[in-house]
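*Asks:* My questions will all concern the structure given below.
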Amino acid sequence: ECVELLYAVRSDAWGRGYATEMARLAVAHARRLGLADVVGFTATTNHASRRVLENVGVRFESFFDRAGLPHWLGRLRPID
Numbered sequence: 009e010c011v012e013l014l015y016a017v018r019s020d021a022w023g024r025g026y027a028t029e030m031a032r033l034a035v036a037h038a039r040r041l042g043l044a045d046v047v048g049f050t051a052t053t054n055h056a057s058r059r060v061l062e063n064v065g066v067r068f069e070s071f072f073d074r075a076g077l078p079h080w081l082g083r084l085r086p087i088d
């Protein structure tokens with residue numbers, strides 16, 4: 009079982025750590041629910057979102073195309 013890590017921040021609030029805070033809370037909640045894997049993905053050009061994912065422990069797994077754009081896929085496993 010896995011769950012996708014999602015977050016959204018209005019552009020006028022970017023760069024203040026809100027996405028990282030939301031992602032950390034979401035990961036903690038997924039763990040409390042007993043979900044084994046947490047996945048996250050972002051367009052390869054969205055460096056800020058990738059940084060958020062990596063900051064909460066999501067590690068690169070693969071690249072894939074979505075809507076004609078390359079995306080970065082990562083996973084946070086229980087042993088991470």
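In short: position in the sequence shown from 1, add 8, done, that's the working numbering.
Backbone N, C-alpha and C fix where the C-beta goes; we use that ideal spot for every residue, glycine too.
Computed from a prediction, not measured in an experiment: that's the story for all the values here.
Could you tell me which of 10, 22, 79 sits nearest to residue 52, measuring between CA atoms?
*Replies:* For this step, residue 52 is matched to residue 44 along the sequence shown. Nearest of 10, 22, 79 to residue 52, Cα basis: 79.
*Asks:* When you compare the CB positions of residue 60 and residue 28, do they come within less than 8 Å of one another, or not?
*Replies:* Locating residue 60 in the sequence shown gives position 52, counting from the first residue. Locating residue 28 in the sequence shown gives position 20, counting from the first residue. The answer is yes: Cβ separation under 8 Å.
*Asks:* My guess is that residue 62 and residue 81 are in contact by the Cβ rule of under 8 Å, so how many angstroms apart are they, rounded?
*Replies:* For this step, residue 62 is matched to residue 54 along the sequence shown. For this step, residue 81 is matched to residue 73 along the sequence shown. The Cβ separation is near 12 Å, so there is no contact.
*Asks:* Can you tell me whether residue 19 is buried or exposed, with buried defined as 16 or more other CB within 10 angstroms of its CB?
*Replies:* The residue given as residue 19 occupies position 11 in the sequence shown. By the neighbour-count rule (16 or more Cβ atoms within 10 Å), residue 19 is not buried but exposed.
*Asks:* Per the DSSP calculation, residue 80 is bridged to which residue(s)?
*Replies:* As a position in the sequence shown, residue 80 is number 72, starting the count at 1. Answer by DSSP bridge pairing, in chain order: 50, 71.
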